[in-house]
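Worksheet for the structure shown next.
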Amino acid sequence: MSAPRKRWLLAPAFLLACLWGCARHSGGGAATGRIVVNYWEKWSGFEADSMRAVIDDFNRSQNRIEVRFLSVSGVDTKLLLATSSGHPPDIAGLWSENIPDFSEKGALTPLDGGLAKAGIGGDRYIPLFWDLCRHRGFTWGLPTTPGCVALFYNKKLFRAAGLDPERPPRTFAEFEDMSRRLTLVEIEREGRRVRVSFESLTPAERAGRKYSLVQVGHLPQDAGMFLSGWGAWFGARFFDGDRKILANDPGNIAAYEWMQGMSETYGVENLRGFIEGFGVSQSAQTPFLGGAEAMVVQGPWMPNFISKFAPSLEWGAAACPAADGVGVGAPVTLAQCDVVVIPHGAEHPREAFEFLCYLQRQDVSEKLAKSQQKFTALRDVSPGFLVDHPNPAIRLFMDLSRSAGARVVPRLPIWHEYDAELAVARERVLNLRATPTEALAEVQERVGWKFDRVMRRWDAVGVERISEWRAYDAW
417 MSAPRKRWLL APAFLLACLW GCARHSGGGA ATGRIVVNYW EKWSGFEADS MRAVIDDFNR
477 SQNRIEVRFL SVSGVDTKLL LATSSGHPPD IAGLWSENIP DFSEKGALTP LDGGLAKAGI
537 GGDRYIPLFW DLCRHRGFTW GLPTTPGCVA LFYNKKLFRA AGLDPERPPR TFAEFEDMSR
597 RLTLVEIERE GRRVRVSFES LTPAERAGRK YSLVQVGHLP QDAGMFLSGW GAWFGARFFD
657 GDRKILANDP GNIAAYEWMQ GMSETYGVEN LRGFIEGFGV SQSAQTPFLG GAEAMVVQGP
717 WMPNFISKFA PSLEWGAAAC PAADGVGVGA PVTLAQCDVV VIPHGAEHPR EAFEFLCYLQ
777 RQDVSEKLAK SQQKFTALRD VSPGFLVDHP NPAIRLFMDL SRSAGARVVP RLPIWHEYDA
837 ELAVARERVL NLRATPTEAL AEVQERVGWK FDRVMRRWDA VGVERISEWR AYDAW
């Protein structure tokens with residue numbers, strides 16, 4: 417991307433920050449006598465509507481604070497700009513993987529003093545999600561709705577392929593076998609195009625690849641997670657938890673070899689042609705919702721899109737099997753968490769914190785979760801939470817989040833740069849332009865250099881940063 421294009425992309429975010437700086441000082445709460453707490457959130461659609469309903473409840477529950485909600489695309493970039501300009505909102509909704517980067521850049525307010533006074537600690541939460549809110553010994557956000565992923569499957573397509581629709585794959589070998597059996601192609605035989613199963617092709621037909629894919633068992637590229645996260649199902653580590661990047665970890669190489677195997681099996685052009693026949697994510701034009709993909713890895717939000725775009729879809733959900741020897745006795749999943757934070761320099765941190773605490777109430781958290789068809793980050797749920805929950809698979813996701821096999825998005829201040837490099841490597845591998853070993857060795861070198869630079873910066877400012885965080889006492 418050219419430098420002028422970069423400036424053009426940043427201009428709306430900069431303008432938003434400037435306009436917001438004017439708006440937040442305009443005395444908008446004077447008419448009601450309330451303190452206005454401005455809240456930026458990444459959610460749109462039904463997720464934003466769910467939070468608006470919770471905010472309405474909060475605003476009606478007292479007469480001192482008025483929370484005002486703004487749905488903001490690209491909230492992470494815009495929040496950094498607004499914070500650096502000195503005009504951030506009072507609250508922002510981020511992803512848990514933003515916390516290491518934002519906290520080390522001085523863009524967030526440490527919450528520990530307020531949490532201690534409010535009596536809120538890690539004992540209230542599923543451990544994995546509490547840990548995602550912390551970095552370098554401090555707490556930077558509180559959960560709204562957590563998420564993890566599982567395998568959704570189309571029972572009708574299972575039945576048509578002669579598979580038991582009530583028995584999803586339990587091992588990775590079964591997953592692969594079912595995927596092949598569920599894959600259909602169109603090929604010319606005796607002068608006419610016919611639709612047959614991939615398994616029925618002759619060796620010569622498979623080698624010639626003169627067919628087009630019309631249905632697949634599973635596409636690794638179609639997943640409700642960062643795609644390089646497939647390494648979790650192969651036992652991969654992304655870094656050593658300290659100072660070393662592990663892009664070419666054997667588990668990552670194995671995951672990329674598995675993904676490349678699909679290109680080798682079906683052909684790059686066949687896969688590209690199949691994928692290009694579908695539309696944007698979270699619409700009726702996705703392979704799974706369109707009835708052309710039998711299995712997909714997605715999160716608890718998926719039933720929202722099924723009910724909207726494919727209401728007649730007969731589906732089930734189960735833990736996605738891991739490679740042999742990985743997650744034995746402990747199902748593997750990949751988890752992250754939506755979090756609310758108080759940006760550094762927020763005008764009303766105490767009032768913002770009061771609303772953050774309100775969101776942690778069990779009744780409030782459960783209302784939000786049900787409306788979004790998710791679960792909560794709280795360790796305990798009310799007796800009726802599961803009884804009338806609209807998502808029939810919600811207990812599966814709750815169990816997966818507590819599994820010893822649960823993995824999280826890597827806790828790195830350069831995670832987005834790392835993931836971008838992994839995505840480039842993945843495309844090279846899927847297009848058969850590099851072996852997984854070659855592609856990931858390059859990621860190791862490039863990201864390793866970037867991480868070393870970030871760590872040197874932290875070594876220079878870390879002691880001062882931690883001293884500032886400890887001294888913060890606006891509560």
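Be aware that the sequence shown starts at 417, since it is given in the numbering used here, and climbs by one per residue. Ideal placement from N, C-alpha and C gives every residue a C-beta, glycine not left out.
When beta bridges are read from the DSSP output, residue 565 appears opposite no residue.
DSSP, reduced to helix, strand and coil, places residue 596 within a helical segment of the structure shown. Selection 665, 863, 572 evaluated against residue 840 yields 863 as nearest (Cα-Cα). In the DSSP assignment, residue 752 forms a beta bridge with 563.
Here the stretch 767 to 781 makes no contact with the stretch 509 to 523; the two share fewer than three CB pairs at distances below 8 Å.
The beta carbon of residue 734 sits closer than 6 Å to the beta carbons of 567, 584 from its chain, once the five residues preceding and following it are set aside; these are given in chain order.
Bounds of any beta strand (DSSP E) do not take in residue 505, whose DSSP letter is neither H nor E.
By the Cβ rule, the stretch 564 to 583 counts as touching the stretch 711 to 719, because three or more pairs are nearer than 8 Å.
Listed as beta-bridge partners of residue 702 by DSSP are no residues whatsoever. Below 8 Å, too few C-beta pairs join the stretch 740 to 749 and the stretch 538 to 545 to call them touching: fewer than three. The DSSP-derived three-state label of residue 603 is strand. The straight-line gap separating the alpha-carbon atoms of residue 882 and residue 491 is approximately 26 Å. Residue burial annotation: residue 789 is buried, with at least 16 other C-beta atoms found within 10 angstroms of its C-beta.
Using a 10 angstroms sphere on the CB of residue 644, the tally of other CB atoms reaches 16 or more, which defines it as buried.
Assignment of alpha helix (DSSP H) within the stretch 707 to 779, counting only whole runs of 4 or more residues, yields 718 to 725, 765 to 775 in chain order. At the C-beta level, residue 846 and residue 676 come within 8 Å of one another.
Under the three-state reduction of DSSP output, residue 826 falls in the coil class, being neither helix nor strand. Distances from the CA of residue 791 to each of 800, 781, 799 were compared; the closest alpha carbon is that of 781. Assignment of residue 889 by DSSP, reduced to helix, strand and coil, places it in the coil class. Per the C-alpha coordinates, the member of 877, 799, 474, 573 positioned closest to residue 450 is 474. 8 Å or more divides the Cβ of residue 559 from the Cβ of residue 885.
In terms of CA proximity to residue 752, 543 leads the group 543, 503, 890, 522.
A Cβ-Cβ contact shorter than 8 Å links residue 747 with residue 821.
A check of alpha carbon separations from residue 767 across 467, 506, 501 identifies 506 as the nearest. Using a Cβ distance threshold of 8 Å, residue 579 and residue 594 count as a contacting pair. Where residue 454 is concerned, the enclosing beta strand (DSSP E) starts and stops at 451 to 457. By the 16-neighbour rule on beta-carbons within 10 angstroms, residue 803 is exposed. No residue range can be given for residue 513, since it is assigned to no beta strand (DSSP E) and is classified by DSSP as neither H nor E. At a cut-off of 4 residues, the continuous stretches assigned as alpha helix (DSSP H) that sit fully inside the stretch 514 to 563 are 515 to 520, 528 to 534, 543 to 548.
For the pair residue 459 and residue 640, the Cα-to-Cα distance works out to about 16 Å.
Cα atoms of residue 732 and residue 842: separation of roughly 29 Å, rounded to the nearest angstrom.
In the DSSP annotation of this structure, the continuous segment of the beta strand (DSSP E) that includes residue 610 starts and ends at 608 to 613. Membership of residue 690 in the alpha helix (DSSP H) is indicated by the continuous run 684 to 692. Going by DSSP, residue 841 is part of the alpha helix (DSSP H) stretching over 831 to 846.
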